[in-house]
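Enquirer:
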Amino acid sequence: MLDKKLVKILDNIAILLEIKGENPFKSRAYSNAATLIRENQIDVFKEVQDGTLGNIKGFGEALVKKLTDYVQNGKMSYYEKLTSEIPESLVDIIKINSMGPKKTKLVYEELGIKTVNELEDSCLNGSLAKVKGFTDKTIEIILNSIAHKKASKGLFLQNSVIEYAEKLLNQLKSDYDIIDAEISGSYRRFAETISELQIIASTKNPETINEKFKSIFGAELKGSQLKLTTNENVPVTIEFIKPEEYIFKLHESTGSDDYISAFNNLIKEKGKKSYSYFKSEVELYNEIGIQFVTPELRESSKALEKAKQFKIPKLIGNSDLKGMLHVHSNWSDGRNTILEMALKSKELGFEYIVMCDHSRSAGYTNGLSIERVQAQHEEINKLNNENHGIKILKGIESDILNDGSLDYPEEVLDSLDIVVASIHSSFNMSKSKMTKRIIAALASPFTTILGHPTGRLLTSRQPYEVDIREIIDAAADYGKIIEINSNPYRLDLSWENVIYAKEKGVKIAINPDSHKTTTLEDVFIGVKVARKGWLEAKDVVNCLDYDDFMREVVKK
669 MLDKKLVKIL DNIAILLEIK GENPFKSRAY SNAATLIREN QIDVFKEVQD GTLGNIKGFG
729 EALVKKLTDY VQNGKMSYYE KLTSEIPESL VDIIKINSMG PKKTKLVYEE LGIKTVNELE
789 DSCLNGSLAK VKGFTDKTIE IILNSIAHKK ASKGLFLQNS VIEYAEKLLN QLKSDYDIID
849 AEISGSYRRF AETISELQII ASTKNPETIN EKFKSIFGAE LKGSQLKLTT NENVPVTIEF
909 IKPEEYIFKL HESTGSDDYI SAFNNLIKEK GKKSYSYFKS EVELYNEIGI QFVTPELRES
969 SKALEKAKQF KIPKLIGNSD LKGMLHVHSN WSDGRNTILE MALKSKELGF EYIVMCDHSR
1029 SAGYTNGLSI ERVQAQHEEI NKLNNENHGI KILKGIESDI LNDGSLDYPE EVLDSLDIVV
1089 ASIHSSFNMS KSKMTKRIIA ALASPFTTIL GHPTGRLLTS RQPYEVDIRE IIDAAADYGK
1149 IIEINSNPYR LDLSWENVIY AKEKGVKIAI NPDSHKTTTL EDVFIGVKVA RKGWLEAKDV
1209 VNCLDYDDFM REVVKK
């Protein structure tokens, strides 16, 4: 079983050592250990009990000793000593925009700042402005980042709760007294972040079941609802409903307030009873004579206007995707080889894959020099000649430089099938400069796709200042594609802007931005964003089969 507390301790050690200015290799060893345990779901307790912890690649003698100490004593002496020397709370400060390890150490040593609240106070009372390196612009960025953190408090990413949600749902469904159960609320309509998990369950004996599960989950009973909290502090509400009310309640708890208000008004207009018995939501919609509205679209009452006219299109589905675009390998900062990424994509049903390792300016990601681009192309040619049952295309994720140019000379860019142009540096430009920078990249004849257009990281980093509507307009003018980056921390382009892109006729690429085989399936998260943005298969370029993709997108 994965010990999340231990993983957090290892991550914190890495950060605190970095703040202290220790050897980077020492810090990286703890960071790598945390990643290895998390990604491979290593049961450290079992490995210690079996005496096999030292057999794991990357686990040196010193690390094994510390992990054993943790397992045997429930705490790690090394971590306790470290946090007695440097406050653990500095880990939160380093996550604020513009606050790297050096600045975090500086404000701690010069101003005694140990918490984010103290950092905010120092911005507001003028004391931080007296510290070298903290300009008015830097302080503005810090304050905006803190405000964003506060606004995001209590919000959770879909992928951070899905495992618990499905486990809880299966536990409910396995009970013989439960007829049916479903996750509802903003989770079901695929909101980017959620504030709680809502579950609706059908049973003939709601009162009895309430008491039963109250005991099982250690939950609090409030009216007809059970309230509990996960280990990650996600609030959960379970409501047990009689069978005849189940479908209507599931529907009611899924839509936004605006949507449900409009839907209820429509029911009244039709003279229907709210709690009539329905076997499914489709039957509910049929009863009032309108087209079924899939949960993702139940944000706005505008969807009902389309439903009344039977004008909701057939939305894109997972099986429509043919190409896996924007994928990294161990040529840059990925974990797997090109062949491993390709074969996993083939296993998932894809016809072609576009390798897009980082470009040369991204030195921190082992970006590809011109010589390495050429060497990678030779490997791709070799793999394609071996015929592994999936086509491998030559791409790059090119940094957009500060002036809007791409990261290679024209002859290198011309050798590529696909160029994904992305911002990876200088996030703090003014809105005007950033917008012009991205539009300049879109104007390049070599740019195919704009990657993660706003640079946001959900709940942790705001989008950079950019006029996204102007960017979408420019993409339309230049005939460029915009990415839905399916990384669950990004989901960028947002669904609201996807709607605007479709209105402007801009084609979309749904890309996983995967750095390992285990995250290639993130591409299907992007499909949910696309559905929420009203996209059909014809709107998405990687729904094209290989020949059509080569003709319409690669154009070679």
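Residue numbers for the sequence shown follow the working numbering, so the first one is 669 and each next one is one higher. C-beta: ideal position from N, C-alpha, C; glycine also.
Going by the DSSP bridge assignment, what does S1027 pair with across the sheet?
Expert: L1036.
Enquirer: So, are the CB atoms of L1084 and G1063 less than 7 angstroms apart?
Expert: Contact flag set, yes.
Enquirer: Just to confirm before moving on: does the CB-CB distance between K938 and I958 stay below 7 angstroms?
Expert: No. Outside cutoff.
Enquirer: Among Y844, D843, Q866, whose alpha-carbon lies nearest the alpha-carbon of E850?
Expert: Ranking the options by Cα distance to E850, first place goes to Q866.
Enquirer: So if DSSP puts I705 in a beta bridge, which residue, or which two residues, is it bridged to?
Expert: Its beta-bridge partners do not exist; DSSP assigns none.
Enquirer: Strictly by DSSP, which residues pair up with M992?
Expert: I1021.
Enquirer: Check whether the Cβ atoms of D1207 and K990 sit closer than 7 angstroms, and answer yes or no.
Expert: Against a cut-off of 7 angstroms, the Cβ pair of K990 and D1207 comes out as no contact.
Enquirer: To the nearest angstrom, how far is it from the Cα of A1089 to the Cα of P1121?
Expert: For A1089 and P1121, the distance between alpha carbons rounds to 9 angstroms.
Enquirer: Could you give the distance in angstroms between the alpha-carbon of R696 and the alpha-carbon of K818?
Expert: If you take the alpha carbons of R696 and K818, they lie about 29 angstroms apart.
Enquirer: S870 and L823: beta carbons closer than 7 angstroms?
Expert: Taking 7 angstroms as the Cβ cut-off, S870 and L823 do not qualify as a contacting pair.
Enquirer: Under the DSSP definition of a beta bridge, which residues are partnered with R1129?
Expert: Its beta-bridge partners are L1125.
Enquirer: DSSP state of A887, grouped into three classes?
Expert: DSSP places A887 in coil when its eight states are reduced to three.
Enquirer: Suppose you measure from the CA of T1005 to the CA of I1021; what does that come to, to the nearest Å?
Expert: Between T1005 and I1021, the C-alpha separation is close to 13 angstroms.
Enquirer: Quick check: the segment 961–981 against the segment 1140–1155, are there 3 or more CB pairs under 8 angstroms?
Expert: These segments do not touch.
Enquirer: How long is the line joining the alpha carbons of S790 and D679, rounded to whole angstroms?
Expert: Using only the alpha carbons, I get a separation of about 27 angstroms.
Enquirer: What whole-angstrom Cβ distance do V732 and L721 have, given they're in contact under 8 angstroms?
Expert: Right, their Cβ atoms sit about 5 angstroms apart.
Enquirer: Hey, out of K1012, D1181, R1219, K1148, whose CA is closest to K1173's CA?
Expert: In the sequence under discussion, the amino acid at residue 1173 is Gly, which differs from the Lys named in the question. Nearest C-alpha to G1173: K1148.
Enquirer: Hey, out of E778, E808, K770, whose CA is closest to E788's CA?
Expert: Residue E808 is the option with its Cα nearest to E788.
Enquirer: Could you tell me whether the Cβ atoms of R1040 and K1184 are closer together than 7 angstroms?
Expert: Against a cut-off of 7 angstroms, the Cβ pair of K1184 and R1040 comes out as no contact.
Enquirer: Whose C-alpha, out of A701, D737, S1000, is nearest the C-alpha of G728?
Expert: Per the Cα distances, A701.
Enquirer: Throw me the rounded Cβ distance for the N1034 and S1000 pair, which I believe falls under 8 angstroms.
Expert: Between S1000 and N1034 the Cβ distance is about 5 angstroms, and since that is below 8 angstroms, they are a contact.
Enquirer: Report yes if the CB atom of L1074 is closer than 7 angstroms to the CB atom of S1112, and no otherwise.
Expert: The answer is yes: Cβ separation under 7 angstroms.
Enquirer: With a 10 Å radius around its C-beta and 16 neighbouring C-beta atoms as the bar for buried, classify D1067 as buried or exposed.
Expert: So D1067 ends up on the buried side.
Enquirer: Ignoring anything shorter than 3 residues or poking outside the segment 1136–1194, list the beta strand (DSSP E) runs there in chain order.
Expert: With a minimum length of 3 residues, the continuous beta strand (DSSP E) runs that stay inside the segment 1136–1194 are 1149–1153, 1176–1179.
Enquirer: Between which two residues does the alpha helix (DSSP H) containing K1101 stretch?
Expert: K1101 -> alpha helix (DSSP H) spans 1099–1111.
Enquirer: By how many angstroms is the C-alpha of F931 removed from the C-alpha of K895?
Expert: In a straight line, the C-alpha of K895 is about 27 angstroms away from that of F931.
Enquirer: Quick one: grab the DSSP three-state call for T861.
Expert: Here T861 sits in strand by DSSP.
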